[in-house]
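This note's numbering numbers the first residue of the sequence shown as 24 and each following residue consecutively.
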Amino acid sequence: MSKAGSSNWASPRRISRRGEPLPHTDSNGTPDTTRVFAALADDTRWSILQRLGGAPASASGLASEFTVSRQAIAKHLAVLEDCGLVTSERIGRELRFSAAGSRLSALGRALDDVGSGWDRRLDAIKEAAEHPPGSE
């Protein structure tokens, strides 16, 4: 028997390395944009992501470069990994983290699309102001 409230038709959820469900993704497979930007709103997480963009590192290695504990770094990494911005790979006894380039590229494209939409709107406003209807 199934648990109350569960459905045989429920879509499968991806699970993080901590055993927690990963966030829902949009039709492009990009994690929920609000959660991604909320994760990046923290200065330490932003700095960690920038650092991992240069080269992979372990939580201990990152802790030696930042002014926070290894445990705090691990929590920041978990947030970044859960929203798809960081991936982890076990190498021997060490867990190495790196920036997820494909996710960052998808976010960049999404921001470009938003910017292009605003550019089109502003161009239309400019055109309407310079050439109002009925003027020759």
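Don't be surprised by glycine CBs; every beta carbon is placed ideally from N, CA and C. Note that the coordinates shown come from a computational prediction; the quantities given were computed from them, not determined experimentally.
Does the beta-carbon of residue i have 16 or more other beta-carbons within 10 angstroms, so that it is buried, or is it exposed?
i: Glu104; result: buried
i: Ser81; result: buried
i: Val1; result: For the chain, the structure presents residues 24 to 159; residue 1 sits outside this window and is missing.
i: Val109; result: buried
i: Leu72; result: buried
i: His99; result: buried
i: Gly107; result: buried
i: Arg68; result: buried
i: Arg85; result: Here the sequence assigns Leu to residue 85, which means Arg is not the residue at that position. By the 10 Å Cβ count, Leu85 comes out buried.
Which stretch, first to last residue, makes up the alpha helix (DSSP H) that contains residue i?
i: Leu189; result: The structure shown has nothing for residue 189, since the chain only spans 24 to 159.
i: Leu63; result: Thr56 to Leu63
According to DSSP, simplified to helix, strand and coil, what is residue i?
i: Thr90; result: coil
i: Thr78; result: A small fix is needed here, since residue 78 is Ala in this sequence, not Thr. Coil, per DSSP.
i: Ser125; result: helix
i: His154; result: coil
Could you please give the first and the last residue of the uninterrupted beta strand (DSSP E) stretch that includes residue i?
i: Ser111; result: Val109 to Ile114
| said: Using 8 Å as the cut-off, can you tell me whether the region 78-98 makes contact with the region 129-144, which would need three or more C-beta pairs spanning the two stretches below that distance? | reply: no
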